[in-house]
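Participant: Structure in structure tokens, see below.
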Amino acid sequence: MLRQKYDPTSKRGFSLVELLIALLLGTVLLAMVIGLYVTGVSTGAKSLKYSRLRTDLQSIVAMMETDFRRAGYGGSDYLVGASSNKTIDINASNDCIVYYYNHNDTATVESSNQMAFSFKDNTVKFKSGVGKVANVVCAVTTGWTDVSDNNFIKITALSLTESVTSSASATMRSVKIDLSGELVSDSNYAHSIATRVQVRNLEFN
Numbered sequence: 000m001l002r003q004k005y006d007p008t009s010k011r012g013f014s015l016v017e018l019l020i021a022l023l024l025g026t027v028l029l030a031m032v033i034g035l036y037v038t039g040v041s042t043g044a045k046s047l048k049y050s051r052l053r054t055d056l057q058s059i060v061a062m063m064e065t066d067f068r069r070a071g072y073g074g075s076d077y078l079v080g081a082s083s084n085k086t087i088d089i090n091a092s093n094d095c096i097v098y099y100y101n102h103n104d105t106a107t108v109e110s111s112n113q114m115a116f117s118f119k120d121n122t123v124k125f126k127s128g129v130g131k132v133a134n135v136v137c138a139v140t141t142g143w144t145d146v147s148d149n150n151f152i153k154i155t156a157l158s159l160t161e162s163v164t165s166s167a168s169a170t171m172r173s174v175k176i177d178l179s180g181e182l183v184s185d186s187n188y189a190h191s192i193a194t195r196v197q198v199r200n201l202e203f204n
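Under numbering that gives the first Met the number 0, the sequence shown has 136 at position 137, and the numbering climbs by one with no breaks.
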């Protein structure tokens, strides 16, 4: 019977060096995959936060738009300003607005019909049961309810600019809303919205 001669130079399996190289390449590949996964998760989380930032700011603006359009509805009792002859009244610093409207078809003006939005402490705030003069109402710091979530969003600016169009018989007002905010956790994520709202109710001269 023939016996196979032992050849010490023949290769059987992988050498230690080859195993170490394969292990190194596998480790590098695994690190790359993990890095891509972590980057993807991190990017996704940031995208979700930015999406919520935009959504929250859009919701605040939409709330303002809806209310401002209705300002003055209900007759002369729902006009504001020092002379009670305006559908809206904005304070001197253009960051607070007062308006009334009869949203519940009440026979007389109620506190829920008297409303205001303001920008205080990096937050958009709302208040009902307010007076008719914005400079007076907005100087009061108590009784306001947060509209924006100050644990998540820092409102950096709110500007309310009034425009007036008048004729011999009536006056029409509009409000330009400029709202800016950023994430509390990362100020690099910021968003701004600008829009103009037409008040639908006229002031008859």
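A virtual CB, placed ideally from N, CA and C, is assigned to each residue, including glycine.
1) When burial is assigned at 16 or more other CB atoms within 10 Å of the CB, is A133 buried or exposed?
2) Pick out whichever of Y72, G34, M63 and K119 has its Cα sitting closest to the Cα of F203.
3) So, at 6 Å on beta carbons, what are the nonlocal neighbours of D76 in its own chain, with the 5 sequence-adjacent residues on each side left out?
4) I need the boundaries of the alpha helix (DSSP H) containing A133, first residue and last residue.
5) Is the region 77 to 96 touching the region 128 to 145 in the sense that three or more CB pairs, one from each, lie closer than 8 Å?
6) Give the DSSP bridge partners of D177, in chain order.
7) Taking the alpha-carbon positions, what's the F125 to R69 distance?
8) Please work out which residues of its chain come closer than 6 Å, Cβ to Cβ, to N149, disregarding the five sequence neighbours upstream and downstream, and give them in chain order.
9) Please report how far the alpha carbon of Q113 lies from the alpha carbon of L159, in whole angstroms.
10) Using a threshold of 8 Å, state whether the C-beta atoms of G180 and A193 are closer than that.
11) Only counting the same chain, and skipping five residues up and downstream in sequence, which positions put a Cβ closer than 6 Å to that of K119?
12) What would DSSP say about S82, mapped onto helix, strand or coil?
13) Grab the span of the beta strand (DSSP E) containing T122 for me, first residue to last.
14) Whole angstroms is fine: what's the gap from V97's alpha carbon to K45's?
15) Using beta-carbon positions only, say whether V196 and I176 come within less than 8 Å of one another.
16) Assign M63 to one of two classes, buried (16 or more other C-beta atoms within 10 Å of its C-beta) or exposed (fewer than that).
17) Here's the rule I'm using: 16 or more other beta-carbon atoms within 10 Å means buried, otherwise exposed. How should I154 be labelled?
18) Which one of L29, T26, I33 and K48 has the shortest CA to CA distance from D185?
19) Closest to Y146 by C-alpha separation, out of S168, A115 and L28, would be which residue?
20) Work out the CA separation of A138 and A91 for me, nearest whole Å.
Facilitator: Quick look at the numbers:
1) As a first step, residue 133 is located in the sequence shown; it is residue number 134 there, counting from the start. Result: buried.
2) Position 204 of the sequence shown holds residue 203. Cα-wise, what sits closest to F203 is Y72.
3) Counted from its first residue, the sequence shown places residue 76 at position 77. Closer than 6 Å at Cβ, skipping near neighbours: V108.
4) Against the sequence shown, residue 133 aligns to sequence position 134. Segment A133 to V136, the alpha helix (DSSP H) holding A133.
5) yes
6) By one-based count along the sequence shown, residue 177 stands at place 178. Its beta-bridge partners are S158 and A193.
7) Locating residue 125 in the sequence shown gives position 126, where the first residue counts as 1. Locating residue 69 in the sequence shown gives position 70, where the first residue counts as 1. Whole-angstrom Cα-Cα distance: 16 Å.
8) To locate residue 149, count along the sequence shown from 1; it is residue 150. Around N149: T122.
9) On the sequence shown, position 114 is the one that residue 113 refers to. On the sequence shown, position 160 is the one that residue 159 refers to. So the two alpha carbons sit approximately 18 Å from each other.
10) For the purposes of this step, residue 180 is taken as residue 181 along the sequence shown, with counting starting at 1. For the purposes of this step, residue 193 is taken as residue 194 along the sequence shown, with counting starting at 1. Against a cut-off of 8 Å, the Cβ pair of A193 and G180 comes out as no contact.
11) Sequence index remark: in the sequence shown, residue 119 carries index 120 (1-based). So the list is empty, once near-sequence residues are dropped.
12) Taking the sequence shown and counting its residues from 1, the one referred to as residue 82 is at position 83. Coil at S82, not helix or strand.
13) As a first step, residue 122 must be located in the sequence shown, where it is residue number 123. Here the beta strand (DSSP E) through T122 covers T122 to S127.
14) Within the sequence shown, numbered from 1, the residue matching residue 97 stands at position 98. Within the sequence shown, numbered from 1, the residue matching residue 45 stands at position 46. Rounded to the nearest angstrom, the two C-alpha atoms are 36 Å apart.
15) Against the sequence shown, residue 196 aligns to sequence position 197. Against the sequence shown, residue 176 aligns to sequence position 177. It is a contact, given that the beta carbons lie within the stated cut-off.
16) To locate residue 63, count along the sequence shown from 1; it is residue 64. Counting Cβ neighbours within 10 Å, M63 comes out buried, since at least 16 surround it.
17) Translated into positions along the sequence shown, residue 154 becomes position 155. It counts as buried.
18) Stepping through the sequence shown from its first residue, residue 185 is reached at position 186. For the residues L29, T26, I33 and K48, the minimum Cα distance to D185 belongs to K48.
19) As a position in the sequence shown, residue 146 is number 147, starting the count at 1. The sequence given here has Val at residue 146, not Tyr. Nearest C-alpha to V146: A115.
20) The count along the sequence shown starts at 1 and reaches residue 91 at position 92. The count along the sequence shown starts at 1 and reaches residue 138 at position 139. Their Cα atoms are separated by approximately 11 Å.
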